[in-house]
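Going by our numbering, the first residue of the sequence shown is number 144, and it counts up by one from there.
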Amino acid sequence: MSDIAKPITRAFTAALLLGLTVPALADSIRIGNRLIQPGDSEAHVLRVAGEPDRIVVLETASGGATGERWTWYEVEDPYHDRSLVIRMRRGTVSTIQSEVHR
């Protein structure tokens, strides 16, 4: 292993051991046998995933609304929690992110 790779590997290992959040962007997400993907409507997301646990209005620096961040929280087991974050823009899904909290 090169001298440059060692500190990077150590930093990555330390981050995993400290239990930091591990986010992952997704092109789509399956909930049960239904799929949510960018471009889907708010109504479709609500039918598939149900009401989000939290909705945050996203704003520009000058206060103009740019969309919303919808979040669902799920406890997988006593040691891991998972959240699903969907960003909505103009009434449709713009991005999907799944996070595992250790």
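Yeah, the Cβ is synthetic: ideal placement off N, Cα and C, and Gly gets one too. Note that the structure is predicted; figures quoted are calculated from it, not measured.
Would residue i be called buried (16 or more neighbouring beta carbons within 10 Å of its own) or exposed?
{"i": "Val200", "result": "exposed"}
{"i": "Ile179", "result": "buried"}
Restricting to Cα atoms, I'd like to know which of the options is closest to residue i.
{"i": "His231", "options": "Thr214, Ile174, Asp224", "result": "Checking the displayed sequence, the identity of residue 231 turns out to be Met instead of His. Residue Thr214 is the option with its Cα nearest to Met231."}
{"i": "Arg225", "options": "Ser237, Arg212, Val243, Val236", "result": "Val243"}
Can you name, in chain order, every residue of its own chain whose Cβ lies under 6 Å from the Cβ of residue i, other than the five neighbours on each side?
{"i": "Ile174", "result": "Val191, Ala192"}
Below 8 Å CB to CB, which residues in the same chain sit around residue i once its five sequence neighbours on both sides are set aside?
{"i": "Arg233", "result": "Gly210"}
{"i": "Ile198", "result": "Glu211, Arg212, Trp213, Thr214"}
Cβ of residue i within 8 Å of Cβ of residue j?
{"i": "Ala208", "j": "Glu202", "result": "yes"}
{"i": "Asp196", "j": "Thr235", "result": "no"}
{"i": "Leu227", "j": "Ser237", "result": "no"}
Tell me the DSSP secondary structure of residue i in three-state form.
{"i": "Glu194", "result": "coil"}
{"i": "Ala208", "result": "strand"}
Going by beta carbon distance, what residues of the same chain come within less than 7 Å of residue i, once the five residues before and after it are set aside?
{"i": "Glu185", "result": "Met231, Gly234"}
{"i": "Arg177", "result": "Val191"}
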